[in-house]
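Sequence lines, in order, name chains A and B. Per my numbering, the first sequence starts with residue 84, numbered consecutively. Per my numbering, the second sequence starts with residue 3, numbered consecutively. Just so it is clear, CB atoms sit at the ideal spot from N, CA and C, and this is done for glycine as well. Working notes for the structure below.
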Amino acid sequence: MASAEPIKVLIGALGGEGGGVLAAWLQRSAIASGHFVQGTSIPGVAQRTGATTYYLEIVPGAAARHASSQARPVLALNAAPGEVDLVVASELLEAARAVAAGFVTPDRTTLIASSARVFTIDERTAMADGRLDSARMREVARRFSRDAIIADFAAAATAAQGPLNAVLLGAVAASRVLPIAAEACRTAIRAEGKAVDANLRAFDAGLAMGANRAGLTPRDKGDKIPDAGVGPLGATLLDAVTRGGKGSDPRSEASDRQGLTPLLAGFPAEARMVLGEGVRRLTDYQDAAWAERYLARVRRLAGLPGADAAFITELARHLALRMSVEDVIRVAELKLRAARLARVAADAKARPGDIVDVTEYLKPGPEEIFGLLPPRLGRWALARVRRDRAWPMKVRTTRLSGFLRLRALAALKRWRPGMLRFAEEEAWVERWLVLVERTLVVSPPAAREVVASASLVRGYGDTYKRGLANWQRIVEEVVEPMLAGDLPRAHFADAVLQARLAASKDPEGEALGDTIAALRRAGSSQRAAAE
Amino acid sequence: MAEVSFAKEIESLRLGTGDTFYGEGILAVTKALLQSGVSYVGGYQGAPVSHLLDVLVQSEDLLTGLGIHLETCTNEAAAAAMLAASINYPLRGAVTWKSIVGTNVAADALSNLASPGVQGGALIIVGEDYGEGASVIQERTHAFAVKSSLWLIDPRPDLPTLVRSVEKGFELSEASNTPVMLELRIRACHMFGSFAARDNVAAAHSAKNRLGPARFNYDRLSHPPATFRQEADKNDRRLPAARKFILDHALNERLGPAEGDIGIIVQGGLFNVLNGRLALAGLSDADGATRLPTLVLNVVHPLVPEEITAFCAGKRAVLIVEEGAPDFIEQAVGQILRKADMQTKLSGKDVLPMAGEYTPLVVGKGLAAFLAAHGYGAPELQAWIAKVDAQRAEVDKALGGPLPARPPTFCTGCPERPVFSAMKLLRREMGPVHVSADIGCHSFATFAPFSQGNSILGYGMSLASAAAVSGTQATRPISVMGDGGFWHNGLITGVAGAVFNKDDSVLVVMNNGYSSATGQQDILSSKEEADGRGRSLDIEAALKSLGVNWIKRVRTYGVTGVAGTLREALRTRAKGLKVIIADGECQLARQRRIRPELARKVAAGERVVRTQFWVDPEVCTGDHSCIRLSGCPSLTLKANEDPLRTDPVAHVNNDCVGCGLCGEVAHAAQLCPSFAQVDIIQNPRTWDRVARALSSTLMRLLGGGSRRVAAQPQLVPAE
């Protein structure tokens, strides 16, 4: 007798996620449901955390032929593009991968995918934001599938305190694409016999999510957050407050917010959120006078021609960050805040009654330490110590000894304005602002890029030094020549942008060197053409 | 103790006539060995055939009952040499390894085995590690079969066929006094299926019923002048005998109609892929009832000329579906047709690619071209190909670029990762160094973020492959080798060679206690345990005995220490080989051991301190240099909650096992003050509570905010 057309299932997972167990559950339950099944997997046991696939073919009602040696179905070991009925993906990129390979097609394929992201190494090592666009991958997955069930099954697994593969099995059962009843899956889980309760819990969670599709709420922590400032300010203010420390009392918070409104009156509405957050941060960082100085600086540029709302918003954002640079005092202060411990405990999944100890890994270098001295003394000292000298310390802030050490550092805050690091940062900020002003006169779009270039200067230790050096280089070899007219101004803004992007490509700054060289070549060739 | 427990599988190995076996292809082969009455089994682990040995190692009582001698060989050469037992004695034996690499290592013994030939059936089960998921160079085992006159079985991927191939393989071996190779592709090894089991058979002679020594017979030696007689015997007697057996037992399958003016000759292992495309073209169905004359070669070497000519008789053209290069079968068939003066047009690599896995799309395109060339329109097939290509293009456009690959990497908390973090830090300080890489988990360091390694020459070969480099480079090269590779052949090929030649070179031995990449099989230096095969051999002692004087041991997780030791090894005036033994147990194995134990303790209310790491999202500036130095899967990203910042911050998810690397790196590289170690004291004792209460009170008095921490378990989804 001729076999019915097999039902074809492809599972995409990451090594170590239990995709093999999921496939085994499906095989077992398929057989128990009276079907003939064959499955296989790529790759072998050697693969760790890489992309793995499992492929099954099920011939309905042909279970009897498992025992026969003749007249057996001839089933495939490779999925064929356009011929897969069900694709299950434990992660969004793997789902997109299956679509890109042609295994998901509008005429045939039901796609069950977790919307959660497990970032690839390329995404994680990017110096800025290298994350793929989850929304776009979801859109593609929906567009090219017959039916897409996309939700954060990973979160569901965590919530159910069970494994992801069991949640996915539940979603598969709910989809009814396979002739396998939920109970058969449960039986398979019991028969497999490992962590049965957790697996059943997770399975039922997945079953519920799959059954109640209206209730599916994709939550993509991987998604890029909207432009800074557009975020819910109320929340961030409240958050800033609950961070504790100064002004951690809601009443002062309220008054503070009332206080803000008149201060920001003169600025365009779009910029106020960021300005508000800036004022809050700088008041907390130093004092009200410091915040006032911040507003004064923004005002100074806001008055110039070409300074539109978008420009002011970005300027306000970067300026606030640069004026609240994380020196040792700031770091100590942040690490002493009360709310932090509760948060650590939550992140670490501590249970009520557990005691949570936090040990900070700190390693200040000469710049950090001597940066606390008055400028002259600090420079004198810095000149006399090896630059690669550093003082590693593990500070247990949840115990008195460690607490006291940070407390002492934080107490230096009031003297900050007289310190070397502060002076250097001030000098940098002024230089940057003047550069922005000078550029604004020539080309507002370019000025916007000079503002953005501030994002290169951040971090600590080597990261900070490297960023500062790259910024310096861009100023000297791109911005200044442009202002001086040595390089063609037609592409001023683009040149600064390219340079910034290049500087965030590789830590060694090779890309930046190439970009600058290219700009020079372009410049000289244009001049040659002109002459 | 292997990674996977085979308790259930072992039970299925005991099945008898009347039972149905369900399981993986490679385990079906294992069961078939038992049904064939083998006297001895051996091999060397490696995907995709690791499970064959793993399951046997765990079912020793079953083997003892059948009197089967089991050898977990130290490398493939040892496994091949083991088959020598079948040269003089009527013993059936089987060995297994990953091919092509394992066959390369075994080549010398194989030649010396093939020349005298065997009395008892000798079967070599090779995992043909080819195509998607393969981890080795892409070559064909077929070449060895041809040059050493070994017979090669490439069975149709269907468990009953696999089992029959094993059973018939032994008979073929005995009928032609020739060792037989059975090649299984990756997907066939991992294929879940079923077959009607038969009773296991105990061999007449085995560990139970032992034999006496064979009488002296010079013709059993691969030594002149016997070798000349053996060469002749291979061709004059063994080859014809094999061909006769293949015909008599219909090992190759003649499918489809008897008549037809075109036909297909296909490797057994590829039949299912071909059948899928034939079915799409309306020329077959899900039961393999092809409507095109098809010759399925379950034995791909030797070919039987009569069979080929009979099949091609009256055909205008035949298509050879043969994966990989060179096109051995196509060449052989061509020669057969030429000698028979047959004008059948031979097609194969003209419509199918010379290199790469024969996936449905690849075979579909080749088949369509062949059919079209000979006047058989296959509209459905053509339409399918066009549609697939069209949609792929459309999707690429919609995605706006290629998707990033997801290569395998070190597991969370892997003890080998810190060594490469240290090497990367050192590279910044001392400039680039030639790194001679090897086979094993540590080869993942060739991927981002480490991107280290200048060459890979094979398992345990790193040091040997640095020999000439050390003699021609300004700075000393660093060779990396795992303990698996060390015992496999690194000790002799590498260390002995370097000592012998006074090579001024540095070797790092990753001592994680297992052959980890292949599934944590025990090796000589694995801990000696009741349920394991480890012998607790000391690598350091072995090195000393070979005359290595400069030996240092490091705890891998101490990045600063590792970097310091590497720096010393690269700078010391001491000439000769310098070896650093990097100690750190495979984290997968460790977690599998301690997790249940800790869970039990916590449940029992005992005091347990759980450690994991944490990144302070307020202090992290989103530069990710920590990730570029670690790459740990649990060190990932999350959206920046700071309204003034846009780049995602680093984030440690709950897979963290608290190995401490991220903190160590933060210190070693003076990265940033964002990393914190979090110790969660579960079921704290009274003293813990008092101490904490005391601290908290004092801290509060001194203006600290830290109130008593009663953590509310929030279900924050792990990123």
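{"Asked": "Are any of the Cβ atoms in chain A nearer than 8 Å to that of residue 2(B)?", "Found": "Only positions 3 to 721 of chain B appear in this structure, which leaves residue 2(B) out of reach."}
{"Asked": "Just the Cα atoms here: how many angstroms apart are residue 528(A) and residue 642(B)?", "Found": "27 Å"}
{"Asked": "Sorted by chain position, which residues of the same chain lie with C-beta nearer than 7 Å to residue 61(B)'s C-beta, five sequence neighbours on each side aside?", "Found": "12, 15"}
{"Asked": "Alpha carbon to alpha carbon, what distance is there between residue 207(A) and residue 431(A)?", "Found": "21 Å"}
{"Asked": "Is there contact here, the segment 156-171 of chain B with the segment 183-191 of chain B, by at least three beta-carbon pairs under 8 Å?", "Found": "yes"}
{"Asked": "Quick one: Cα of residue 261(A) to Cα of residue 403(B), how far?", "Found": "33 Å"}
{"Asked": "Answer yes or no: does any C-beta atom of chain B fall closer than 8 Å to that of residue 526(A)?", "Found": "no"}
{"Asked": "Quick one: residues in its chain with C-beta nearer than 6 Å to the C-beta of residue 178(A), no 5 flanking neighbours on either side, listed in chain order?", "Found": "172, 196, 224"}
{"Asked": "Any idea what DSSP makes of residue 186(B), helix, strand or coil?", "Found": "strand"}
{"Asked": "Pick helix, strand or coil for residue 17(B), following the three-state DSSP scheme.", "Found": "coil"}
{"Asked": "Identify, in the order they occur along the chain, each residue of the same chain with its Cβ nearer than 8 Å to the Cβ of residue 338(B), setting aside the five sequence neighbours on each side.", "Found": "305, 307, 310, 311"}
{"Asked": "Is residue 100(B) helix, strand or coil by DSSP?", "Found": "strand"}
{"Asked": "Using beta-carbon positions only, say whether residue 2(B) and residue 258(B) come within less than 8 Å of one another.", "Found": "Look at the range of chain B in this structure, 3 to 721, and you will see that residue 2(B) is not part of it."}
{"Asked": "Once the 5 residues before and after residue 472(B) are set aside, which same chain residues still bring their CB inside 6 Å of it?", "Found": "479, 505, 506, 507"}
{"Asked": "Determine the direct distance from the alpha carbon of residue 99(B) to that of residue 518(B), and round the result to whole angstroms.", "Found": "16 Å"}
{"Asked": "Is residue 282(A) helix, strand or coil when you go by DSSP?", "Found": "helix"}
{"Asked": "Which whole-angstrom value is the C-beta distance of residue 293(A) and residue 232(A), which I expect to be below 8 Å?", "Found": "6 Å"}
{"Asked": "Can you name the residues of chain B whose CB is closer than 9 Å to the CB of residue 566(A)?", "Found": "Under the 9 Å cutoff, chain B gives no residues; its nearest Cβ is about 27 Å from residue 566(A)."}
{"Asked": "Of the residues 40(B), 103(B), 397(B), which one's Cα is nearest the Cα of residue 72(B)?", "Found": "40(B)"}
{"Asked": "Could you confirm whether any beta carbon from chain A is found closer than 8 Å to the beta carbon of residue 708(B)?", "Found": "With a pLDDT of 42 at residue 708(B), under the threshold of 50, the modelled position of that residue is not reliable, and no figure is offered here."}
{"Asked": "Might you give, ordered along the chain, the residues of its own chain that have their beta carbon closer than 6 Å to the beta carbon of residue 608(A), omitting 5 neighbours on each side?", "Found": "none"}
{"Asked": "By alpha-carbon positions, which one of 185(A), 497(A), 392(A) ends up nearest to residue 395(B)?", "Found": "185(A)"}
{"Asked": "So, are the CB atoms of residue 135(A) and residue 93(A) less than 8 Å apart?", "Found": "no"}
{"Asked": "Against chain A, does residue 134(B) count as a neighbour if the rule is that its beta carbon must be under 8 Å from one of theirs?", "Found": "yes"}
{"Asked": "Checking 8 Å against the spacing of the C-beta atoms, do residue 464(B) and residue 481(B) come in under that value?", "Found": "yes"}
{"Asked": "Please return the same chain residues whose Cβ sits closer than 8 Å to the Cβ of residue 244(B), not counting the five positions on each side in sequence.", "Found": "153, 174, 177, 178, 180, 304"}
{"Asked": "With 8 Å as the threshold, decide whether the Cβ of residue 206(A) is near any Cβ in chain B.", "Found": "yes"}
{"Asked": "Hey, how far is the Cα of residue 497(A) from the Cα of residue 697(B)?", "Found": "26 Å"}
{"Asked": "Roughly how many whole angstroms lie between the Cα atoms of residue 22(B) and residue 161(B)?", "Found": "11 Å"}
{"Asked": "Contact between the segment 370-384 of chain A and the segment 420-435 of chain A is defined here as three or more beta-carbon pairs at a separation below 8 Å; is this criterion met?", "Found": "no"}
{"Asked": "If the cut-off is 9 Å on Cβ atoms, which residues from the segment 200-231 of chain A count as contacting chain B, listed in chain order?", "Found": "200, 201, 202, 203, 204, 205, 206, 207, 208, 209, 210, 211, 212, 213, 214, 215, 216, 219, 220, 222, 223, 226, 227"}
{"Asked": "My understanding is that residue 44(B) touches residue 97(B), with C-beta atoms under 8 Å, so please give their C-beta distance in whole angstroms.", "Found": "5 Å"}
{"Asked": "What are the uninterrupted segments assigned as beta strand (DSSP E) that are 3 or more residues long and contained completely in the segment 568-635 of chain B, given in chain order?", "Found": "580-585, 610-617"}
{"Asked": "With burial defined as no fewer than 16 other Cβ atoms inside 10 Å of the residue's Cβ, what is the status of residue 517(A): buried or exposed?", "Found": "exposed"}
{"Asked": "For residue 100(A) and chain B, any beta-carbon pair shorter than 8 Å?", "Found": "no"}
{"Asked": "If the cut is a Cβ gap below 8 Å, which residues of chain A does residue 162(B) touch?", "Found": "152, 155"}
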